[in-house]
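Worksheet for the structure shown next.
Number of protein chains: 2
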Amino acid sequence: MADYEIFEAGDVTLQSGIVLPAVRVAYVAHGTLNSARDNAIVYPTHYSGTHTSNAWAIGPGMALDPATYFIIVPNMLGNGLSSSPSNTPAPHDGPRFPLVTVRDNVLLQHRLITEVFGITSLKLVTGFSMGALQAFQWGALFPDMVERIAPFCGSARVSRHNWLFLEGCKSALMADAAFAGGNYSAPPVTGITAFARVYAGWAWSQTFFRQNLDRDLLGLPSMEAFLSLAWEPSFQAIDANDLLAMLATWQAADISHDQRFDGDFAKALAAITARAVVMPCRSDLYFPPEDSEIEVAHMPNAELNVIPSVWGHMAGGGRNPEDAAFINAALARLLADQAVNS
Amino acid sequence: MADYEIFEAGDVTLQSGIVLPAVRVAYVAHGTLNSARDNAIVYPTHYSGTHTSNAWAIGPGMALDPATYFIIVPNMLGNGLSSSPSNTPAPHDGPRFPLVTVRDNVLLQHRLITEVFGITSLKLVTGFSMGALQAFQWGALFPDMVERIAPFCGSARVSRHNWLFLEGCKSALMADAAFAGGNYSAPPVTGITAFARVYAGWAWSQTFFRQNLDRDLLGLPSMEAFLSLAWEPSFQAIDANDLLAMLATWQAADISHDQRFDGDFAKALAAITARAVVMPCRSDLYFPPEDSEIEVAHMPNAELNVIPSVWGHMAGGGRNPEDAAFINAALARLLADQAVNS
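Which chain is which? The protein sequence lines are A and B, in order. Start counting the first sequence at 1; every next residue gets the next number (the working numbering). Start counting the second sequence at 1; every next residue gets the next number (the working numbering).
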């Protein structure tokens, strides 16, 4: 039995103009919506993750406490639970699945919370990595509805370098002839494994490996064991076209791709009037703090709160207790309207 | 007509114990060896480069001035000019080419300069990237012979993270079934192109791309043009087994892999008594300054001189005038026995 709900969104005209029929958004909700419908939080998922990947940050005593808040975790399209290449019928199946943007995801999430729950204001939108992309997008699209955003280990648009890192991963997967332009009959395991191995170099920092923290993480004796036993299987479990659909969403991410902003990134950032705490990790190789600094400088009500970790991007993944505590504490102060940097 | 000389080294027992027959080291020499034979400099090549890649740092008025010094540029084995998978006869051809270590390269270079030129002391060994690996190795192997070393954008051993980045590149190439375990009849172009595209994410810094310096470099209008027109062809011109042979040399690099040091990296660094100027680039993603700091701390006569550039690893490639001038100035002060950091 599925541990999630489905929002049936019907036929949806995407940002590209393509109509995707019978769109489904898988989601979970923690806690209870109060009678004023004003205790809701949205916490979208990250690349290659599902709602279960976000569970670490939700619970009794945490900032995202279901006893206080109604916390909705919508699954990003392409992740295999919401509409994705792997679960969409012809003619939009597999490699024919259209580009879904971050904006498309957020507009669907907006429909979910308004149509299903009648919510008109959000206490917070937060998210890790591609979840952070969605949090920024929420802030830019619905400034009157979103009180706070807390994007961590992410950005308001894909940087050119981030695009390039993703392009490398994609090229590795597609170098496997078994991928067959997405029309594979059996999973292109060689390509997915190469994809994962390329990705691994980016996920943590140089210092993480210098300090042998990969060994501490799982007790595996070597990096080869870490890669082949722990890292690669998590990607091998995902459909290749799904991996590439989410990657396409990421590579296209930019909150200024909107008629109101017409590509003016500074203008789009300035539209985020929500109180924002932007939390890059000091050692993140694809969302480096410099990008966050630029973003915060253009946002009217934002503060920068750098995660002081050597875990690189994965500081936001919830596996390192110190980083998880840092993020949780910032979310708690933000929700309590206290200064985050003190 | 070849623009280089060949040192015929005969049959060579490699560090692995394997005997590689009829080994050849391609090299060029700039300038004239003086009668005391004490004006020689060795400047080994870097990954995927040849002696021509080093030419930018050699010339009249440069620190490496052929009017003053006798500058020998030996090509690293595996680069297609010295003994390599692509030019070695059976049974050591193609994927059967044995592992050649940095130490093997340096011992061959030592034979070249002693047997061919009768040189017994070196003013300097310098090098970029894998050339820097060789400079460290020279210092550790021949402390009584090497007066100075100046490794830039490199390290004394492959870091675990650096190993991982290389593993990602390798996996991308090998994901192409046309590679066929190295027994290809036509070049595995798809795999080499994926290799190059993965590599591109590492070669410069995030800031390099944030500042659009790739556009300034060649005047190409997009990153896609930069990759497909400028970057990937330079790799597509290299034999796939050669690419992997040099990569294997890199992944195995460690100056402490020596009977005298028995894997004790600090001890191996302490053996480098040459005056050393170690020059990482501040934004290098695979040889970050932190590794150089650790190395310098263990070396008895070394100073750190960080290249203040956003060009990442490619700060050492000679294409950016400011970085080239920075490196050249440091080499000049080192050769003049002046403090490099003042």
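For every residue, glycine included, the Cβ atom is placed at its ideal position computed from N, Cα and C. If you're wondering where the values come from, they're calculated on a predicted model, not measured in any experiment.
- Check the C-beta distance from VAL296(A) over to VAL340(A) and give it rounded, since I have them as a contact under 8 Å. For the purposes of this step, residue 296(A) is taken as residue 296 along the first sequence, with counting starting at 1. For the purposes of this step, residue 340(A) is taken as residue 340 along the first sequence, with counting starting at 1. Going by Cβ atoms, the distance from VAL296(A) to VAL340(A) rounds to 12 Å, so no, they are not a contact pair.
- Item | Continuous alpha helix (DSSP H) stretch holding TYR199(B): start and end | Your numbering for residue 199(B) matches position 199 in the second sequence. Per DSSP, TYR199(B) belongs to the alpha helix (DSSP H) from 189-203.
- Whole beta strand (DSSP E) elements within the segment 48-112 of chain B, 3-residue minimum: 70-74
- Query: Of all the residues that make up the segment 164-182 of chain A, which are near chain B by a beta-carbon distance shorter than 8 Å?
  - Reply: LEU164, PHE165, GLU167, GLY168, CYS169, SER171, ALA172, LEU173, MET174, ALA175, ASP176, ALA177 and ALA178
- Query: How would you label ILE18(B), buried or exposed, when you count the other beta carbons within 10 angstroms and need 16 or more for buried?
  - Reply: Residue numbering aside, residue 18(B) sits at position 18 when the second sequence is read from its first letter. Under this definition ILE18(B) is an exposed residue.
- Message: According to DSSP, simplified to helix, strand and coil, what is VAL125(A)?
- Response: For the purposes of this step, residue 125(A) is taken as the residue at position 125 of the first sequence. Residue state, collapsed to three classes: strand.
- Along chain A, in chain order, which residues have C-beta atoms closer than 8 Å to that of PHE209(B)? Looking up residue 209(B) in the second sequence gives position 209. By Cβ distance, chain A contributes SER159, ARG160, HIS161 and LEU164.
- For THR68(A) and VAL189(B), the rounded distance between their alpha carbons: By one-based count along the second sequence, residue 189(B) stands at place 189. By one-based count along the first sequence, residue 68(A) stands at place 68. If you take the alpha carbons of VAL189(B) and THR68(A), they lie about 57 Å apart.
- Query: Residue ranges of each alpha helix (DSSP H) run of no fewer than 4 residues wholly in the segment 214-270 of chain A, ordered along the chain?
  - Reply: 232-236, 240-251 and 265-270
- Which partner residues of ILE307(B) appear in the DSSP bridge assignment? For the purposes of this step, residue 307(B) is identified with residue 307 of the second sequence, where counting begins at 1. Paired residue(s): CYS281(B).
- At a Cβ cut of 7 Å, what residues of the segment 11-24 of chain B count as close to chain A, listed as they run along the chain? none
- Does the beta carbon of GLY31(B) sit closer than 7 Å to a beta carbon anywhere in chain A? For this step, residue 31(B) is matched to residue 31 along the second sequence. It does not; no Cβ of chain A falls within 7 Å.
- chain A within 7 Å of GLN236(B), Cβ atoms only: Translated into the one-based positions of the second sequence, residue 236(B) becomes position 236. Output row for GLN236(B): interface = no.
- Message: Quick check on the DSSP output: the beta strand (DSSP E) that includes GLY10(B) runs from which residue to which?
- Response: Position 10 of the second sequence, counting from 1, holds the residue named residue 10(B). It spans 5-13 - the beta strand (DSSP E) in which GLY10(B) sits, taken as one unbroken run.
- Tell me whether THR126(A) is buried or exposed, calling it buried when 16 or more other Cβ atoms sit within 10 Å of its Cβ. For the purposes of this step, residue 126(A) is taken as residue 126 along the first sequence, with counting starting at 1. That one is buried.
- Message: To be precise: take each residue of the segment 212-246 of chain B, compare its Cβ to all Cβ atoms of chain E, and keep it if any distance is under 7 Å. Which residues remain?
- Response: This model lacks chain E altogether; the protein chains it does include are A and B.
- Does the beta-carbon of GLY154(A) have 16 or more other beta-carbons within 10 angstroms, so that it is buried, or is it exposed? As a working mapping, residue 154(A) is identified with position 154 in the first sequence. By the neighbour-count rule (16 or more Cβ atoms within 10 Å), GLY154(A) is buried.
- Task: Check whether the Cβ atoms of SER309(B) and ALA315(B) sit closer than 7 Å, and answer yes or no.
- Result: For the purposes of this step, residue 309(B) is taken as the residue at position 309 of the second sequence. For the purposes of this step, residue 315(B) is taken as the residue at position 315 of the second sequence. Yes, the pair counts as a contact, with Cβ atoms nearer than the cut-off.
- Does ARG148(A) have its Cβ less than 7 Å from a Cβ in chain B? As a working note, residue 148(A) is residue 148 in the first sequence. Answer no: the Cβ-Cβ gap between ARG148(A) and chain B never drops below 7 Å.
- Task: Say whether chain B places a C-beta atom closer than 7 Å to the C-beta of ARG197(A).
- Result: Your numbering for residue 197(A) matches position 197 in the first sequence. Yes, contact with chain B.
- Item | Close beta carbons around VAL102(B), own chain, < 7 Å, minus the five adjacent residues each side | Residue numbering aside, residue 102(B) sits at position 102 when the second sequence is read from its first letter. Only LEU133, GLN134, GLN137, THR249 and ALA253 meet the Cβ criterion.
- Name the DSSP bridge partner or partners of HIS46(A)? Position 46 of the first sequence holds residue 46(A). For HIS46(A), which the question treats as bridged, DSSP gives no partner whatsoever.
- Message: Using 8 Å as the cut-off, can you tell me whether the segment 170-179 of chain A makes contact with the segment 194-213 of chain B, which would need three or more C-beta pairs spanning the two stretches below that distance?
- Response: yes
- At which residues does the alpha helix (DSSP H) containing PRO289(B) begin and terminate? The residue labelled residue 289(B) in the question sits at position 289 within the second sequence. Per DSSP, PRO289(B) belongs to the alpha helix (DSSP H) from 289-298.
- Task: Taking GLY201(B) as the query, report the chain A residues whose CB atoms sit under 8 Å from its CB, ordered along the chain.
- Result: Translated into positions along the second sequence, residue 201(B) becomes position 201. Within 8 Å Cβ-Cβ: HIS161, LEU164, PHE165, GLU167, GLY168 and TRP202.
- Message: Taking the alpha carbon of GLY78(A) as the reference point, which residue from ALA140(A), LEU141(A), SER48(A) and ALA271(A) has its own alpha carbon closest?
- Response: By one-based count along the first sequence, residue 78(A) stands at place 78. For the residues ALA140(A), LEU141(A), SER48(A) and ALA271(A), the minimum Cα distance to GLY78(A) belongs to SER48(A).
- Message: I'd like the list of long-range same chain contacts for ALA63(A), defined as Cβ closer than 7 Å, with 5 residues on each side in sequence excluded.
- Response: As a first step, residue 63(A) is located in the first sequence; it is residue number 63 there, counting from the start. Excluding positions up to five away in sequence, the list reads ASN328, LEU331, ALA332 and LEU335.
- Message: For SER121(A), tell me which candidate among ARG111(A), PHE128(A) and SER129(A) has the shortest Cα-Cα distance.
- Response: On the first sequence, position 121 is the one that residue 121(A) refers to. It is ARG111(A).
- Message: Looking at ALA274(A): is its Cβ nearer than 7 Å to the Cβ of GLY139(A)?
- Response: Position 274 of the first sequence holds residue 274(A). Position 139 of the first sequence holds residue 139(A). Contact: yes.
- Query: Quick one, are the C-beta atoms of SER82(A) and ARG24(A) less than 7 Å apart?
  - Reply: One-based indexing of the first sequence puts residue 82(A) at position 82. One-based indexing of the first sequence puts residue 24(A) at position 24. It is a contact, given that the beta carbons lie within the stated cut-off.
- ASP337(B) classed as buried or exposed, judged by whether at least 16 other C-beta atoms fall within 10 angstroms: Within the second sequence, the letter at position 337 stands for residue 337(B). By the neighbour-count rule (16 or more Cβ atoms within 10 Å), ASP337(B) is not buried but exposed.
- Task: Give the residues from the segment 257-289 of chain A that approach chain B closer than 8 Å (Cβ to any Cβ), ordered along the chain.
- Result: LEU285, TYR286 and PRO288
- Minimum Cβ-Cβ distance from GLN206(B) to chain A less than 7 Å: One-based indexing of the second sequence puts residue 206(B) at position 206. GLN206(B) counts as touching chain A.
- Query: If you draw a straight line from the alpha carbon of ASN183(B) to that of GLY94(B), how long is it in whole angstroms?
  - Reply: Walking along the second sequence from the start, residue 183(B) turns up at place 183. Walking along the second sequence from the start, residue 94(B) turns up at place 94. Using only the alpha carbons, I get a separation of about 7 Å.
- Query: Whose CA, out of ALA268(B), SER53(B) and ILE71(B), lies closest to the CA of THR32(B)?
  - Reply: By one-based count along the second sequence, residue 32(B) stands at place 32. The residue with the shortest Cα to Cα distance from THR32(B) is ILE71(B).
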